[in-house]
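Chemist:
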Amino acid sequence: MYTLYASPGACSRVPMITLEEAGADFEVELIRFMRGAHKQPNYLALNPKGKVPCLITPDGPLTENSAIALYLADQFDGLLPKAKTSLDQARVTADLVFCSATLHPIVSRMRVPMFMAEGPAAIQSVKDKAMEAMAPMAKLIDDHLGDGPWWYGDEWSIMDAYIFWVWFRIVGGEFPTKLYPNWAAHASRMNTRPSVERALAREAAMQSTLEAEGLLPKMG
Ligand SMILES: N[C@@H](CCC(=O)N[C@@H](CS)C(=O)NCC(=O)O)C(=O)O
Numbered sequence: 054m055y056t057l058y059a060s061p062g063a064c065s066r067v068p069m070i071t072l073e074e075a076g077a078d079f080e081v082e083l084i085r086f087m088r089g090a091h092k093q094p095n096y097l098a099l100n101p102k103g104k105v106p107c108l109i110t111p112d113g114p115l116t117e118n119s120a121i122a123l124y125l126a127d128q129f130d131g132l133l134p135k136a137k138t139s140l141d142q143a144r145v146t147a148d149l150v151f152c153s154a155t156l157h158p159i160v161s162r163m164r165v166p167m168f169m170a171e172g173p174a175a176i177q178s179v180k181d182k183a184m185e186a187m188a189p190m191a192k193l194i195d196d197h198l199g200d201g202p203w204w205y206g207d208e209w210s211i212m213d214a215y216i217f218w219v220w221f222r223i224v225g226g227e228f229p230t231k232l233y234p235n236w237a238a239h240a241s242r243m244n245t246r247p248s249v250e251r252a253l254a255r256e257a258a259m260q261s262t263l264e265a266e267g268l269l270p271k272m273g
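Residue numbers (my numbering): 54 to 273.
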């Protein structure tokens, strides 16, 4: 039994889809960003970084999307390609870290530039620079995907969940997504995948709770 600390629309969507895909027995704990729940002592005891996701495993908490992905792929089959060499394994790790350490920070600057700068001009500048930085990354992803169907060709993986979340964030952020038809087609395929439908239904339920409580989600 796993517990995933998550918030709707946040990058905790990646392990949420992964756990659904794995058929894992898990429950979700909603983190109310607007109440600062992620900075409260009880949550900081689990994740001192004060962010989602945090996965409670039978052996204790685990943070960081890339690490959670590697851990879950070790626990369940069919989540990441089975590497035959240490270089192949390192390349899979590199793909995940590309998402968490390259793409995610750009997404944050695009979507929440007000956390990185003060004043309208500086905030706009952070956002503009992030848009510029995302363009070659989006081209790289679009080219890599080609006709897909998935990041690793015929084999679905957590990488597909990760770039799906990035796509969701940039679609909502005025990024010219029309320039990236392969990535758009990938997102459409993801949207009809049963594991994704179940994960998004869990998020919709969390969103309804937040709305009923008058709390809007904050995402990075
Ligand atoms: N490096 C972390 C980043 C996690 C992260 O930035 N999560 C965001 C949501 S997408 C968050 O919790 N933001 C709240 C905050 O920073 O206050 C990972 O890859 O898991």
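Virtual Cβ for every residue (Gly too), placed ideally from N, Cα, C.
Here the structure is a predicted model, which is why all the values come from computation and not from measurement.
Using the Cα positions of P247 and G172, report the straight-line distance between them to the nearest angstrom.
Modeler: Rounded to whole angstroms, P247 to G172 spans 43 angstroms at the Cα level.
Chemist: Of the choices K192, A90, L57, A188, whose alpha-carbon is the least far from that of I159?
Modeler: That would be A188, whose Cα lies nearest to the Cα of I159.
Chemist: Classify D213: buried if its beta carbon has 16 or more other beta carbons within 10 angstroms, exposed otherwise.
Modeler: Label assigned to D213: buried.
Chemist: Using the C-alpha atoms, what's the distance from L83 back to E266?
Modeler: Whole-angstrom Cα-Cα distance: 12 angstroms.
Chemist: Report buried or exposed for R255, applying the criterion of at least 16 other Cβ atoms within 10 angstroms of its Cβ.
Modeler: By the neighbour-count rule (16 or more Cβ atoms within 10 Å), R255 is buried.
Chemist: Tell me where the alpha helix (DSSP H) around T71 begins and ends.
Modeler: Element bounds for T71: 66 to 75.
Chemist: Let me check you understand the geometry: is the CB of T116 closer than 8 angstroms to at least one non-hydrogen atom of ligand 1?
Modeler: Yes, ligand 1 has a heavy atom inside 8 angstroms of this Cβ.
Chemist: List the whole-angstrom C-beta distance separating A59 from V81, where the pair is believed to meet the contact cut-off of C-beta under 8 angstroms.
Modeler: The Cβ separation is near 5 angstroms, so the contact holds.
Chemist: Relative to the C-alpha of C64, which residue among V219, A175, Q260 is closest?
Modeler: Cα-wise, what sits closest to C64 is V219.
Chemist: Have a look at I176, E264, D148 and flag the residue whose alpha-carbon is nearest the alpha-carbon of S161.
Modeler: Looking at the Cα atoms, I176 is the closest of the given residues.
Chemist: Ignoring anything shorter than 4 residues, give me the alpha helix (DSSP H) runs that lie fully in the region 178 to 232, in order along the chain.
Modeler: Complete alpha helix (DSSP H) runs here, min 4: 211 to 224.
Chemist: In whole angstroms, what is the alpha-carbon distance linking K231 and W203?
Modeler: K231 and W203: Cα-Cα distance of roughly 19 angstroms.
Chemist: Find out if the Cβ-Cβ distance for the pair Y233, P134 is shorter than 9 angstroms.
Modeler: Cβ atoms of Y233 and P134: not closer than 9 angstroms.
Chemist: The alpha helix (DSSP H) that contains P234, what's its start and end?
Modeler: First-last of the alpha helix (DSSP H) with P234: 234 to 244.
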